[in-house]
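Trainee:
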Amino acid sequence: MFYTSTRDKQQQLTASQAILQGIAQDGGLFVPNELPKMTFDWQQLSQQSYQQIAELILAKFLTDYTAEEIAYCVKSAYDDKFDTEEIAPIKQVGSQYILELFHGNTIAFKDMALSILPYLMTVAAKKNNLTEKIVILTATSGDTGKAAMAGFADVDNTQIIVFYPKDGVSQIQERQMITQKGNNTHVVAIKGNFDDAQTMVKNLFADQELATLLKSRGYQFSSANSINIGRLVPQIVYYVYTYAQLIKQQAIQIGDKINITVPTGNFGNILAAHYAKQIGVPINKLICASNDNNVLVDFFNKGIYDKQRPFVVTSSPSMDILVSSNLERLVYQLAQEDTQITAHLMQQLADEGHYHISQEMHAALQDYYADFATEAQTAQEIADQLTTHHYLMDPHTAVAANVAKKYQQQTQDVTPMVIVSTASPYKFPRSVVEAVETVNDEHDFELIETIQRLSQVPVPAAVTSIINAEILHHTVVEVEDMKQSILNILS
Ligand SMILES: *Cc1c(COP(=O)(O)O)cnc(C)c1O
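The sequence shown begins at 1275 in the numbering used here and counts up one residue at a time.
1. Could you give the uninterrupted runs of the alpha helix (DSSP H) lying entirely in the region 1463-1530, keeping only those of 4 residues or more?
2. Would you decide whether residue 1476 is buried or exposed? Buried here means 16 or more other CB atoms lie within 10 Å of its CB.
3. Using the rule of at least 16 other Cβ atoms within 10 Å of the residue's Cβ for burial, across every protein chain shown, is residue 1748 buried or exposed?
4. At the level of alpha carbons, what is the spacing between residue 1495 and residue 1408?
5. Check whether the Cβ atoms of residue 1516 and residue 1327 sit closer than 7 Å, and answer yes or no.
6. DSSP state of residue 1558, grouped into three classes?
7. Does the beta carbon of residue 1414 fall short of 6 Å from some heavy atom of ligand 1?
8. Closer than 6 Å: is that where the CB of residue 1670 sits relative to any heavy atom of ligand 1?
9. Counting only the same chain and skipping the five closest in sequence on each side, list residues whose C-beta sits under 6 Å from that of residue 1641.
10. If you draw a straight line from the alpha carbon of residue 1689 to that of residue 1533, how long is it in whole angstroms?
11. Between the region 1413-1426 and the region 1378-1389, can you find at least three pairs of beta-carbon atoms closer than 8 Å?
12. Assuming the contact rule is C-beta atoms closer than 8 Å, residue 1298 and residue 1286 should be a hit. Round their C-beta distance to whole Å, please.
13. So who's on the other strand from residue 1367, going by DSSP bridges?
14. Please give me, in chain order, every unbroken run of the beta strand (DSSP E) with length at least 3 that falls completely inside the region 1650-1700.
15. Do residue 1702 and residue 1668 count as a contact pair if the criterion is CB distance below 7 Å?
16. Specify the secondary structure class of residue 1752 as computed by DSSP and reduced to three states.
17. Evaluate residue 1706 with the Cβ neighbour count: other Cβ atoms within 10 Å of its Cβ, from every protein chain shown; 16 or more gives buried, anything less gives exposed.
18. Indicate, with yes or no, if ligand 2 has a heavy atom lying under 6 Å from the CB of residue 1541.
19. Would you list the residues sitting across from residue 1533 in a DSSP beta bridge?
20. Given 8 Å as the limit, is there contact between the region 1652-1672 and the region 1692-1701, that is, 3 or more CB pairs closer than that?
21. Can you pull the DSSP bridge partners for residue 1287?
22. What number of angstroms, rounded off, separates the C-alpha of residue 1565 from the C-alpha of residue 1442?
23. In whole angstroms, what separates the C-alpha of residue 1579 from that of residue 1646?
24. Is the distance from the Cβ of residue 1472 to the Cβ of residue 1413 below 7 Å?
25. With a threshold of 6 Å, establish whether the CB of residue 1674 neighbours any heavy atom of ligand 1.
26. Between the beta-carbon of residue 1521 and the beta-carbon of residue 1312, is there less than 7 Å?
27. Would you check whether ligand 1 has a heavy atom nearer than 6 Å to the C-beta of residue 1593?
28. Report the CB separation of residue 1336 from residue 1289 in whole angstroms; it is logged as a contact under 8 Å.
29. Can you confirm whether the region 1496-1510 touches the region 1644-1664 when touching is taken to mean that 3 or more C-beta pairs between the two stretches lie within less than 8 Å?
30. Would you kindly work out how many angstroms separate the C-alpha atoms of residue 1452 and residue 1435, rounded to a whole number?
31. Can you look up residue 1548 in the DSSP assignment and give me helix, strand or coil?
32. Ignoring anything shorter than 3 residues, give me the beta strand (DSSP E) runs that lie fully in the region 1345-1427, in order along the chain.
Shown next, in the form of structure tokens:
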């Protein structure tokens, strides 16, 4: 198997090369030239560990890695950094199943892939005899930055630079980032929103002058954002694991379909579910849940992608995104892998701020359902879940739960529903507590105890470890100064 750009099929890379490069030179995203054909023995898989299933899936997608290399990466990533042996536990809450993806280092789902990406990348560097040091350049809406730094801190021959929107992340998220240790970690706040940061990072990746300059200093860029195939592939694993675990829990019989609702921002998590379905996991509907930044809802319902709308800061900041990068990979499939159509639509988005897909392309979206939850509905959902099921959700998960409910009410579909939970309520204590009680002007840290009382879940180490940690990063820059700050860091 090899990887090609969504905008140019002439570019063909091995998996390890695609992981090192992150994004294609033409601005497109790498996609597998064909998806692996798999026949799953669910009886057997239901007895397997997360790590075993990870090895199985990674081997199918990362075909130039040896079995030993994959085993090493999996073993190094999915160890006691996670606070449960299950890695991604599936809990029955009422009649639904909650897939908890927040048991890693930074208590959000980004850990699922960013725990393994540094290993995939360092192995890739060795395989390809890379002489330059890798510079991970990342724009974050709050969760990716910390999870990427946790993964890459003190990894030999790497530097990591994270840009985050100064006023666009929770206090806990900011504290997690600015206390990050490691002599290769760099954190820069920008005066702008996540889209500003992400667009500038994409431009800097495509900046050949910058690339040449950095090469002369011994550096090469790569990406830890979900545009990197090294993030996407490890995310397929937990959908296979979920199905196997639901068999084990006797929640479903082999062959039964399941629905999956994913709280969506950059379209990486749900795209992994889409790939899981295509390689043979019995998934019925993929339900795309947005917050007030509901650009994807319009895309699925009307076939129009229009980023020209107000950017809303919500209680689910990791989904405050108007340009969902990974959607390009779906658009490419909808266009029957036509790179010209894909490139044209993406160019239109960049130039005019919107694009239309054809009726044929829109008709191919039958597997999807999309809706959004307002801020009031999200808060109400947190309160309802707590009252009815004694389960405390973070706002991102609550967006998904609310949209799943809307889907079921509208369609009367009784297919078992998996709701993907992408963050611990401890990561967004203010919004969570505000949904159920009155909050005055306490700092997020003072709300931790309330979360513990409400959830009956012990405070995770990810939170206790940052409360008194020293603040190590102080830089704040304008968006247009991001390039200069990179040059300063790598001087
Ligand atoms: C990143 C993130 C999301 C959105 O995931 P995408 O892959 O970008 O769609 C949702 N919830 C949380 C908590 C996240 O960190």
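Yeah, the Cβ is synthetic: ideal placement off N, Cα and C, and Gly gets one too. Every value quoted in this text rests on a predicted model; they were computed, and no experiment measured them.
Mentor: Let's see:
1. For secondary structure counted as the alpha helix (DSSP H) over 4 or more consecutive residues, the region 1463-1530 holds these complete runs in sequence order: 1468-1479, 1482-1490 and 1503-1522.
2. buried
3. exposed
4. Going by C-alpha positions, residue 1495 is about 6 Å away from residue 1408.
5. no
6. strand
7. no
8. yes
9. 1560
10. 6 Å
11. yes
12. About 11 Å separates the beta carbon of residue 1298 from that of residue 1286, a gap too long to meet the 8 Å contact definition.
13. 1370
14. 1691-1695
15. Cβ atoms of residue 1668 and residue 1702: closer than 7 Å.
16. strand
17. buried
18. Absence of ligand 2 from the depicted structure is noted, with ligand 1 being the only ligands included.
19. 1691
20. yes
21. 1277
22. 15 Å
23. 15 Å
24. yes
25. no
26. It is not a contact, given that the beta carbons lie outside the stated cut-off.
27. Result yes, Cβ under 6 Å from ligand 1.
28. 4 Å
29. no
30. 12 Å
31. helix
32. 1364-1367, 1370-1374 and 1407-1413
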